[in-house]
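Novice: Residue numbers (my numbering): 1 to 309.
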Amino acid sequence: MINRREFLLTAAAVSPATLLAQQNYEWGGPVLDIHLHLHLHLRPDGEANLAHINGSGVTKAVLLTRAPDAERSKALVEKYPGRFVWFVSADITRPEAPAQLTKAVKDGALGMGEIKYQVPCDGPDMKRMYALAAELGVPIQIHFGDVPQASGNAVFSGGFKRFDAMLKAFPKTKFIAHADTFWANVSADYAYDTAYPSGPVKPGGLSDKWLSDYPNLYGDMSANSCNNALNRDPEFMTGFLARHQDKLLFGCDCPCSDGRGGGQTNPNPRFSGKCIARETLAAVQRMSKTEVFRKIRWDNATKLLGLKG
Ligand SMILES: [Zn+2]
Ligand SMILES: [Zn+2]
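Next comes the structure, spelled out in structure tokens:
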């Protein structure tokens with residue numbers, strides 16, 4: 001005879017994915033999070049990454065991993081079947097970066113990301129990465145930050161206004177655009193004066209236009225940047241979600257400890273005591289039809305990454 005507690009522990013050890021599948025999906029079906037940092041400083045033992053996806057109702061997450069930490073992510077992928085995959089990043093200004101990234105992709109990384117360095121988005125270091133991503137057949141996830149913020153206080157992948165030249169020059173590269181400059185540019189009147197603009201969106205922004213014009217561009221919905229865009233003009237963004245329903249990928253970039261807002265360190269008051277994953281999933285669910293929400297929370301990313309389930 002085994003008691004219920006032992007049974008649950010055994011079942012969890014055997015297959016957490018199966019156990020999860022037997023539960024009711026909190027978001028109406030499976031969820032893939034394209035942007036969960038391994039965050040060794042916040043979630044040092046790796047187990048908190050599992051706590052985060054369980055707490056936020058996420059089925060599978062992409063662990064964003066620096067090349068030297070690859071073994072940590074690989075261990076989590078193996079320990080919790082079906083729950084994690086990983087992307088890799090390396091200091092792209094260093095000559096050894098292409099070899100490090102290539103090795104990681106051969107080792108199982110499904111993408112390059114998050115790529116966040118103080119180089120122009122159309123400079124030689126980034127161009128080398130765009131070519132490499134196409135060669136390796138994996139997407140590249142880029143942090144666009146033209147306006148310095150308190151954290152980081154620098155420009156990352158600067159020169160977003162010129163990025164369409166890259167989308168044109170590298171048609172075989174799949175770009176996943178993330179962060180404040182991408183999401184601020186849903187509005188045509190973005191003045192580059194703040195990372196998180198407020199107020200109604202003026203139609204015709206670069207991000208909106210480029211998602212329509214370039215099949216190789218995808219939008220990463222993680223962090224305050226996307227959540228801010230959703231909240232500043234829900235009416236406009238409802239149309240935006242419908243328009244780009246095949247190009248948007250849910251992600252969280254949330255630093256909380258448990259997928260329920262515990263220990264939240266994001267300074268924005270909107271997230272005080274809350275999990276960014278839960279806030280953004282709830283907003284997208286509210287603002288989109290069932291089918292659109294399904295594509296954004298699961299279908300688009302699994303297709304892009306070539307995952308069966
Ligand atoms: Zn970022
Ligand atoms: Zn969270």
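For glycine and all other residues, C-beta sits at the position ideal for the given N, C-alpha and C. Note that this is a predicted model, so its numbers are computed, not measured.
#1: Under 8 angstroms: do the stretch 91–98 and the stretch 69–83 share three or more Cβ pairs, one atom per stretch?
#2: Pull the bridge partners of F175 from the DSSP assignment, please.
#3: Since I believe A134 is in contact with T173 (beta carbons under 8 angstroms), could you give me their beta-carbon distance rounded to a whole number of angstroms?
#4: Looking at C-alpha atoms only, which residue of L38, A109, S225 is the closest neighbour of L136?
#5: In whole angstroms, give me the CA-to-CA distance for P124 and G259.
#6: To the nearest angstrom, report how far apart E235 and P68 are at their CA atoms.
#7: Starting from the C-beta of E285, find all residues in its chain whose C-beta is less than 7 angstroms away, skip the five residues before and the five after it, and write them out in chain order.
#8: Tell me the DSSP bridge mates of A61?
#9: Leaving out five residues on either side along the sequence, give the residues of the same chain with a beta carbon under 7 angstroms from the beta carbon of K289.
#10: For the alpha helix (DSSP H) containing G55, list its first residue and its last residue.
#11: For G306, which residues from the same chain have a beta carbon less than 8 angstroms from its beta carbon, with the 5 sequence-adjacent residues on both sides left out?
#12: Flag this pair as yes or no: are the beta carbons of W210 and L167 separated by less than 8 angstroms?
#13: Compute the Euclidean distance between the alpha carbons of V85 and V77, then round it to the nearest angstrom.
#14: Give the secondary structure of A11 by DSSP, where H, G and I count as helix, E and B as strand, and everything else as coil.
#15: Kindly identify the DSSP beta-bridge partner or partners of I115.
#16: For S73, name the three-state secondary structure that DSSP assigns.
#17: Do you know how far the Cα of Q149 is from the Cα of D253?
#18: Which residues does DSSP pair with R66 in a beta bridge?
#19: Can you look up L132 in the DSSP assignment and give me helix, strand or coil?
#20: Give a yes or no on whether the C-beta atoms belonging to F175 and I142 are separated by under 8 angstroms.
#21: Any chance the CB of H52 is under 7 angstroms from a heavy atom of ligand 2?
#22: Just to confirm my understanding: we take A90, look at its own chain, exclude 5 residues before and 5 after, and list those with CB closer than 6 angstroms. What are they?
#23: First and last residue of the alpha helix (DSSP H) that includes S225?
#24: For F156, write down the residues that DSSP places opposite it in a beta bridge.
#25: Closer than 7 angstroms from C-beta to any heavy atom of ligand 1: which residues, in chain order?
#26: Tell me which same chain residues have a C-beta within less than 8 angstroms of the C-beta of L241, skipping the five on either side of it?
#27: Out of I140, G145, Y196, state which residue places its alpha-carbon closest to the alpha-carbon of P120.
#28: Are S56 and A223 close, meaning C-beta to C-beta below 8 angstroms?
#29: So which of P255, P267, E114, V186 has the shortest CA-CA distance to L50?
#30: Consult DSSP for L304 and reduce its assignment to one of helix, strand or coil.
#31: Suppose you measure from the CA of E114 to the CA of D233; what does that come to, to the nearest Å?
#32: Which of the three DSSP states is assigned to L249 in this structure?
#33: Just to confirm my understanding: we take Q22, look at its own chain, exclude 5 residues before and 5 after, and list those with CB closer than 6 angstroms. What are they?
Specialist: Quick look at the numbers:
#1: Too few Cβ pairs lie closer than 8 angstroms, so no.
#2: Counted from its first residue, the sequence shown places residue 175 at position 175. Bridge partners of F175: I140, L217.
#3: By 1-based counting over the sequence shown, the position of residue 173 is 173. By 1-based counting over the sequence shown, the position of residue 134 is 134. Beta-carbon to beta-carbon, T173 and A134 are separated by about 4 angstroms, close enough to satisfy the 8 angstroms threshold.
#4: Taking the sequence shown and counting its residues from 1, one reaches residue 136 at position 136. Check the Cα spacing between L136 and each of L38, A109, S225: the tightest is with A109.
#5: Reading the sequence shown from its first residue, position 124 is the one you call residue 124. Reading the sequence shown from its first residue, position 259 is the one you call residue 259. Each residue's alpha carbon lies about 38 angstroms from the other.
#6: Sequence index remark: in the sequence shown, residue 235 carries index 235 (1-based). Sequence index remark: in the sequence shown, residue 68 carries index 68 (1-based). The alpha-carbon separation between E235 and P68 amounts to approximately 43 angstroms.
#7: Here residue 285 refers to the residue found at position 285 of the sequence shown. In the sequence as presented, Glu is not what sits at residue 285; that position holds Gln. Excluding sequence neighbours, Q285 sits near W27, F293.
#8: Against the sequence shown, residue 61 aligns to sequence position 61. Looking at the DSSP output, A61 shares a beta bridge with D33, F84.
#9: As a working mapping, residue 289 is identified with position 289 in the sequence shown. Nothing meets the Cβ criterion.
#10: As a working mapping, residue 55 is identified with position 55 in the sequence shown. For G55, the uninterrupted alpha helix (DSSP H) segment begins and ends at 47–56.
#11: Residue mapping note: residue 306 aligns to position 306 of the sequence shown, counting from 1. Correct list, in chain order: L110.
#12: Position 210 of the sequence shown holds residue 210. Position 167 of the sequence shown holds residue 167. In this structure, W210 places its C-beta atom within 8 angstroms of the C-beta atom of L167.
#13: Here residue 85 corresponds to residue number 85 of the sequence shown, with the count starting at 1. Here residue 77 corresponds to residue number 77 of the sequence shown, with the count starting at 1. The alpha-carbon atoms of V85 and V77 are separated by roughly 6 angstroms.
#14: On the sequence shown, residue 11 is found 11 positions in, with the first residue counted as 1. No answer about A11 holds up, because its pLDDT of 48 lies below 50 and its placement is not dependable.
#15: Taking the sequence shown and counting its residues from 1, one reaches residue 115 at position 115. DSSP, once it has assigned bridges, lists I142 as partnering I115.
#16: Numbered from 1 along the sequence shown, position 73 holds the residue referred to as residue 73. The three-state reading of DSSP puts S73 in helix, counting H, G and I together.
#17: Taking the first residue of the sequence shown as position 1, residue 253 is located at position 253. Taking the first residue of the sequence shown as position 1, residue 149 is located at position 149. Computed Cα separation, rounded: 16 angstroms.
#18: Locating residue 66 in the sequence shown gives position 66, counting from the first residue. R66 is bridged to S89.
#19: On the sequence shown, position 132 is the one that residue 132 refers to. Correct three-state label for L132: helix.
#20: Walking along the sequence shown from the start, residue 175 turns up at place 175. Walking along the sequence shown from the start, residue 142 turns up at place 142. Yes, the pair counts as a contact, with Cβ atoms nearer than the cut-off.
#21: Taking the sequence shown and counting its residues from 1, one reaches residue 52 at position 52. Under cutoff, so the answer is yes.
#22: For the purposes of this step, residue 90 is identified with residue 90 of the sequence shown, where counting begins at 1. Answer for A90: A67, A97, Q100, L101, listed in chain order.
#23: As a working note, residue 225 is residue 225 in the sequence shown. Start and end: 223–232.
#24: Taking the sequence shown and counting its residues from 1, the one referred to as residue 156 is at position 156. Beta-bridge analysis with DSSP links F156 to G145.
#25: Answer in sequence order: E114, K116, H143, H178, A179, A223, D253.
#26: One-based indexing of the sequence shown puts residue 241 at position 241. Contacts found: L248, V284, M287, S288, V292, I296.
#27: Sequence index remark: in the sequence shown, residue 120 carries index 120 (1-based). Nearest option by C-alpha distance: G145.
#28: One-based indexing of the sequence shown puts residue 56 at position 56. One-based indexing of the sequence shown puts residue 223 at position 223. No.
#29: Working through the sequence shown from its first residue, we reach residue 50 at position 50. The shortest C-alpha separation from L50 is found at P255.
#30: Walking along the sequence shown from the start, residue 304 turns up at place 304. L304: helix per DSSP, three-state reduction.
#31: For the purposes of this step, residue 114 is identified with residue 114 of the sequence shown, where counting begins at 1. For the purposes of this step, residue 233 is identified with residue 233 of the sequence shown, where counting begins at 1. Rounded to whole angstroms, the gap between the alpha carbons of E114 and D233 is 27 angstroms.
#32: Working through the sequence shown from its first residue, we reach residue 249 at position 249. If DSSP states are grouped into helix, strand and coil, L249 belongs with the strands.
#33: Walking along the sequence shown from the start, residue 22 turns up at place 22. The predicted position of Q22 is uncertain, since its pLDDT is 48 and thus under 50; a value taken from the coordinates is nonetheless stated next. Within the same chain, Q22 has no close Cβ partners at all.
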